Amino acid sequence: MSAQSITPAASNAKPKKIRARMERVNWPATIILAVCSLTVLIPLYVTVSMAFKTTKQAVDGNAFSLPNPVSVDGFKQAWTMTKTPVGAGISVLITAGVVFLVIFLAAFLSYSIVRNWDHRFFRYSFFYVLAAMFIPFPVVALPQISLTGRLHLDNPFGVIILASMFQLAFSVLLFTTFLRSIPNELEESAQIDGASTWQTFRKIVFPLLAPMSATVGIFAFLYAWNDFMMPSLIISDATLQSLPVRQNIFQSQFSNNYNVSFASYLMAMAPAIIAYIFTQRWVMSGVTQGAVKG
Amino acid sequence: MAALAAVAMIGAGLAGCSSGGRTKLVFAFNKREAVPFMQQVVDDYNKSQDKVNVVMDTSGLNSTAAGFVRGAPADLLLANFNNQAARYVNQCAVTDLSDTDAAKRVRPDVKALVDGVGKCPGRTSAVPYSIMAAGVIYNKDIFAKYNLQVPKTYDQLLSVSKTLKSNGVAPFFGTFYDGWTVSQGWFDYAAGGSLDLKSFFQSIEKDGANVGPNSSVSYEKDFLEPMNKMMTLAKDYTNPDANSKIYGDGNTAMANGKAAMYLQGPWAFSEISKTNPKANLGTFPLPMTDNPKDLKTAVNVDLGAMIPEQSKHQAEARDFMNYLFQPKIINAYNASQLGFGPLKDSAPETDPRVAGLRPYYEKGKIYAGPSYVIPQAIPIPQLAQSIVLGADPKDVLSTIDADWARFARRQ
Amino acid sequence: MAISSLPSVPDVPEKADRKHRKVEPVFWWMTVPTLVVFTLAIPIPAAIGIFYSFTNYIGVGKWHFLGLANYIAMFTDPQIRQSYIFTIGFSLVTVLAVNVISFLLAVGLTARIRAKVALRTVFVIPMVISGIVIAYVFQFLFSNSLPALGQALGVGWLKESMVTNPHLAWVAVVFVTAWQSIPGTLLIYIAGLMSVPEDVYEAADIDGASKFQQMTRITIPLVFSYVVINTILGFKGYLNAYDIIVGLTNGGPGTSTMSVAMNIVNGLTNGDYAYQMANATIFFIFTLIVSLLQLSLMRGRNK
Numbered sequence: 001m002s003a004q005s006i007t008p009a010a011s012n013a014k015p016k017k018i019r020a021r022m023e024r025v026n027w028p029a030t031i032i033l034a035v036c037s038l039t040v041l042i043p044l045y046v047t048v049s050m051a052f053k054t055t056k057q058a059v060d061g062n063a064f065s066l067p068n069p070v071s072v073d074g075f076k077q078a079w080t081m082t083k084t085p086v087g088a089g090i091s092v093l094i095t096a097g098v099v100f101l102v103i104f105l106a107a108f109l110s111y112s113i114v115r116n117w118d119h120r121f122f123r124y125s126f127f128y129v130l131a132a133m134f135i136p137f138p139v140v141a142l143p144q145i146s147l148t149g150r151l152h153l154d155n156p157f158g159v160i161i162l163a164s165m166f167q168l169a170f171s172v173l174l175f176t177t178f179l180r181s182i183p184n185e186l187e188e189s190a191q192i193d194g195a196s197t198w199q200t201f202r203k204i205v206f207p208l209l210a211p212m213s214a215t216v217g218i219f220a221f222l223y224a225w226n227d228f229m230m231p232s233l234i235i236s237d238a239t240l241q242s243l244p245v246r247q248n249i250f251q252s253q254f255s256n257n258y259n260v261s262f263a264s265y266l267m268a269m270a271p272a273i274i275a276y277i278f279t280q281r282w283v284m285s286g287v288t289q290g291a292v293k294g
Numbered sequence: 001m002a003a004l005a006a007v008a009m010i011g012a013g014l015a016g017c018s019s020g021g022r023t024k025l026v027f028a029f030n031k032r033e034a035v036p037f038m039q040q041v042v043d044d045y046n047k048s049q050d051k052v053n054v055v056m057d058t059s060g061l062n063s064t065a066a067g068f069v070r071g072a073p074a075d076l077l078l079a080n081f082n083n084q085a086a087r088y089v090n091q092c093a094v095t096d097l098s099d100t101d102a103a104k105r106v107r108p109d110v111k112a113l114v115d116g117v118g119k120c121p122g123r124t125s126a127v128p129y130s131i132m133a134a135g136v137i138y139n140k141d142i143f144a145k146y147n148l149q150v151p152k153t154y155d156q157l158l159s160v161s162k163t164l165k166s167n168g169v170a171p172f173f174g175t176f177y178d179g180w181t182v183s184q185g186w187f188d189y190a191a192g193g194s195l196d197l198k199s200f201f202q203s204i205e206k207d208g209a210n211v212g213p214n215s216s217v218s219y220e221k222d223f224l225e226p227m228n229k230m231m232t233l234a235k236d237y238t239n240p241d242a243n244s245k246i247y248g249d250g251n252t253a254m255a256n257g258k259a260a261m262y263l264q265g266p267w268a269f270s271e272i273s274k275t276n277p278k279a280n281l282g283t284f285p286l287p288m289t290d291n292p293k294d295l296k297t298a299v300n301v302d303l304g305a306m307i308p309e310q311s312k313h314q315a316e317a318r319d320f321m322n323y324l325f326q327p328k329i330i331n332a333y334n335a336s337q338l339g340f341g342p343l344k345d346s347a348p349e350t351d352p353r354v355a356g357l358r359p360y361y362e363k364g365k366i367y368a369g370p371s372y373v374i375p376q377a378i379p380i381p382q383l384a385q386s387i388v389l390g391a392d393p394k395d396v397l398s399t400i401d402a403d404w405a406r407f408a409r410r411q
Numbered sequence: 001m002a003i004s005s006l007p008s009v010p011d012v013p014e015k016a017d018r019k020h021r022k023v024e025p026v027f028w029w030m031t032v033p034t035l036v037v038f039t040l041a042i043p044i045p046a047a048i049g050i051f052y053s054f055t056n057y058i059g060v061g062k063w064h065f066l067g068l069a070n071y072i073a074m075f076t077d078p079q080i081r082q083s084y085i086f087t088i089g090f091s092l093v094t095v096l097a098v099n100v101i102s103f104l105l106a107v108g109l110t111a112r113i114r115a116k117v118a119l120r121t122v123f124v125i126p127m128v129i130s131g132i133v134i135a136y137v138f139q140f141l142f143s144n145s146l147p148a149l150g151q152a153l154g155v156g157w158l159k160e161s162m163v164t165n166p167h168l169a170w171v172a173v174v175f176v177t178a179w180q181s182i183p184g185t186l187l188i189y190i191a192g193l194m195s196v197p198e199d200v201y202e203a204a205d206i207d208g209a210s211k212f213q214q215m216t217r218i219t220i221p222l223v224f225s226y227v228v229i230n231t232i233l234g235f236k237g238y239l240n241a242y243d244i245i246v247g248l249t250n251g252g253p254g255t256s257t258m259s260v261a262m263n264i265v266n267g268l269t270n271g272d273y274a275y276q277m278a279n280a281t282i283f284f285i286f287t288l289i290v291s292l293l294q295l296s297l298m299r300g301r302n303k
């Protein structure tokens, strides 16, 4: 799936005419928005600047001062204390696993449901899966802890499976809506040419689903990467915890070494922010498409 | 796709179990002040033999509790023996340790203290490792500077506080942002210093579901006066920013002599000395009455050893437990944490910082703080915190009564 | 716009059930394993939880049946009541704040402004930050930097930390939740605004309608369906508030920002497992009613 294959949903709308009279740049709006963007930028600035301070400078609690001298001690300490690389590895594993599972399982399920809508089993399956959208994770969290424990899934793999299942309903909804809007002709001609259903799915339907797969994948990514509640409850071994949960575990041990805590926060935030900045156009259109088509 | 497979493999490697044929023994230890000490002990043990690899889990009470629920708790718990641990003991979810060498060495009075918190009939479910006596931590230099004596009555305490305040010194350092510091310090000392808690809890446990405005004992009736006295101190004689300060702030402040008194247990000393090892500190029990004979110190079984029924490594866990209870190690631990040893052969605690509480502990003038006794389903830390933040004590106490009765009804 | 399909009304005409038609085996392979895992992941734990809500189970060891005692106790428990009041109130305020702010930002970001791409990129960043991590950052700002600012400016109510004031802590929770969830809502509004054809505005310009009139008479009615999606997606999420509160206030001060989800999870540690399962059951029914109400509201709108 390539970024080019996805066009922002908005531009699918009716083509716009350029307004007759050229308007000038709206400076008041630009300025107001720039000021508002400080709400986003200030916390990020504080995180970066606190992270590069020495413990001695950080402890005064002045969030806005620049680091003087610049120190990477906070990073060194946080890196060894929270074992950042392990946490990052686990978070990447969980996120990749959830994205992968959700895209494939939801695509399989949606395709089967849409193509067999006249069969009772598949029709009911659709409503069965969708009904889960009404069960929030907190409701099943406690029984789920004992269940995953007994099945030896009290580890990142258990989180991958569970998170995928909680993301399934929304993803199936997106895929089925999208599938219903794809005409059948291509598939039918492929089948006339002798392709099996599986080949048709793999060679024709799944590629056609690509834009929606991207959307489903982005939502799964955001959920799995950011989630705190599920890994914190399901993963029993603290050394196998994800990045967000590590911040919680070590919060009390950071004590008043603000440079260490902020260095740790920064290392937990940075990967996703950097990834986002490089793919922002694609992420924005993906999210928009999901919400609009869903 | 290849990248994904690679990531999955790394993950599988990480998730993969024990190291090279040694049995992995999970040891839950939640006392964060003592983690470095205990890590050293664990490392030494791991070096001393080649059958068992002890892995210390310091991720906190939540994961200990979750371990029980998922049927795979840690193999050995060395945890605060409070109302939470008591629930696992009362449900007989931990094994009988009466035949261990350590259990036979426990002092009888300490055993009574343990049994008072929780008991499974016919079993020695927990072996105490460290007893903490808690009271007021005070800065001896500040007291000397203003020529102050350690107060023995509530009035003396007030006059000490007034003197300090008029000299621009914060009498008490409050860390009200952390609810537990309010419940274990302010709330517990105020109640324990005023009441005979042992008989109070006997009566209120008997009343159970009937506790309320009309019962013979209730929190609303018995705790109100102590709470009002507590509020006099908390409102007028603490640092002005007490509401937004946390435990760590309090330790830093005491290390730097920013306040004269601090309602914390001895566990705070190790944190304080990280900032200033020379801080000249002492302890005394918080006086809440006009009679010096009423002075008592709060104690709790800060650490007790338990081995869950569900552990699959019973023998290994016992072996490591015996290692921990060697006089050399348990004495060193208690000396480092300023705890009192619970064993007959324990070395006496000689640190001058807790000398102010030792006589009370030795004479048995002790009480278990209500926040360690009241079931955790009643959120005492939050409720106590709401009192110091300005809620009407009477309302909060009647809430505790109602919670108490409601809890009794669903047992 | 496929909004009408959200309540899952199939476009395919329903034929008579062809139960005995041969379904290709591959379709079974594509569905059944997933459905089995799904059943283990959600419906079965839900059933187990409902079962234990009628007992005194603490998560381990012995238990016995209590009948409805947990449910009866729940309805008189001030802590539970407060958590519902907080959760519902917080969700309503957040939904309102997030939608108003997102809409205004979207209007700004679709206007002819400079640095459009950069500004959009910045406003969407919070979406990729984990709630608990940013909550820790804000917890520091609220308890250190804001009081310092209040001190400097002499603003009385700012001097005290917002997160330790029982009357203001919820505002901090709303602020951080909004901070994190505005991007998603914003993107949807941007899409909505861009789908309004320009010629509608041109015609309005010619008729002499003011900018404000164009906004209230044209823009808002045309993007109303987007408001509906945003409200529904948002409200459901906010009802489950957990991560941000854990990082920001941990339910405090007192129990003033304790959400329903937090209470349920605490049942694990405080030994009140069965009681909190009763709470979870009621919470499930509550979520279901809210969702169904929203769905019927939305269908009504689309007709």
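Protein chains in written order, with UniProt numbering: chain S, 1 to 294; chain U, 1 to 411; chain H, 1 to 303. Note that beta-carbon positions come from the ideal geometry of N, C-alpha and C, so glycine has one too. None of these values were measured; they are calculated from a predicted model.
Secondary structure at K328 of chain U: helix, using DSSP grouped into helix, strand and coil. Between P375 of chain U and S183 of chain U, the CB-CB gap reaches or exceeds 8 Å. DSSP, reduced to helix, strand and coil, places T269 of chain H within a helical segment of the structure shown.
Here D75 of chain U really is in contact with F27 of chain U; their C-beta atoms are around 7 Å apart, less than 8 Å. By the beta-carbon neighbour count (other beta carbons within 10 angstroms, threshold 16), F65 of chain H is exposed. Within its own chain, the residues whose Cβ lies closer than 8 Å to the Cβ of L286 of chain U, once the five positions on either side in sequence are excluded, are G135, V136, L157, Y189, A190, G193 and L263, listed in chain order. Annotated three-state conformation of N139 of chain U is strand, per DSSP. Contacts between R22 of chain U and chain S, judged by CB atoms closer than 8 Å, are missing: the closest CB pair is about 16 Å apart. Here N248 of chain S really is in contact with V246 of chain H; their C-beta atoms are around 7 Å apart, less than 8 Å. Per DSSP, reduced to three states, the secondary structure at P342 of chain U is coil, with no helix or strand assignment. Under the three-state reduction of DSSP output, V260 of chain S falls in the helix class. One thing to note: V139 of chain S has its Cβ no nearer than 8 Å to the Cβ of A220 of chain S.
N256 of chain S reaches chain U at G248, D249 and T252, counting residues in chain order whose Cβ is nearer than 8 Å. Spanning the alpha carbons of W29 of chain H and F100 of chain S requires a straight line of approximately 18 Å.
Residues of the segment 46-68 of chain H with a C-beta less than 8 Å from any C-beta of chain U: N56, I58, G59, V60, G61, K62 and L66, listed in chain order. Sequence-ordered contacts of the segment 145-158 of chain S with chain U read I145, S146, L147, T148, G149, R150, H152, D154, N155, P156 and F157 [C-beta pairs closer than 9 Å].
Within the segment 219-246 of chain U, the residues whose Cβ lies closer than 7 Å to any Cβ of chain H are, in chain order, N243 and S244. DSSP places T350 of chain U outside both helix and strand once states are collapsed to three, so it counts as coil.
Under the three-state reduction of DSSP, D57 of chain U is assigned to strand.
Straight across, the Cα-Cα distance linking R410 of chain U with N70 of chain H is about 6 Å. For N26 of chain S, the chain H residues whose C-beta falls within less than 9 Å of its own C-beta are G108, A111, R112, I113 and R114, listed in chain order. Remark: C-beta atoms of V176 of chain H and I244 of chain H approach each other more closely than 8 Å. Legend: CB atoms of the segment 174-185 of chain S lying less than 9 Å from CB atoms of chain H belong to residues T176, T177, F178, R180 and S181.
Scanning its chain for C-beta atoms nearer than 7 Å, with the 5 sequence neighbours on each side dropped, one finds around A317 of chain U the residues L25, D75, L76, I307 and S311, in chain order. Ranked by Cα distance from V42 of chain U, the options U:Y367, U:V54, U:A335 and U:T58 are led by U:V54.
Taking 8 Å as the cut-off between beta carbons, the residues of the segment 157-170 of chain H near chain U are E160, S161, V163, T164, N165 and P166, in sequence order. Residue pairing of K24 of chain U in beta bridges, as defined by DSSP: U:N53. A residue is called buried once 16 or more other Cβ atoms fall within 10 Å of its Cβ, and T80 of chain S, having fewer, is exposed. The alpha helix (DSSP H) runs of length 4 or more contained entirely in the segment 35-109 of chain S are, from start to end of the chain, 55-58 and 73-81. Between the alpha carbons of T176 of chain S and A214 of chain S lies a gap of roughly 15 Å. Using a CB distance below 7 Å, the part of the segment 57-74 of chain U facing chain H consists of L61, N62, A65, A66, F68 and V69, ordered along the chain. Between the alpha carbons of L268 of chain H and L38 of chain S lies a distance of about 40 Å. Three or more beta-carbon pairs drawn from the segment 275-286 of chain S and the segment 121-130 of chain H are found closer than 8 Å, and the two stretches are therefore classed as touching. Here the segment 24-33 of chain S does not lie against the segment 230-244 of chain S, with fewer than 3 beta-carbon pairs under 8 Å apart. Distance from Q144 of chain S to V102 of chain S at the Cβ level is roughly 18 Å; contact not present, criterion being Cβ atoms closer than 8 Å.
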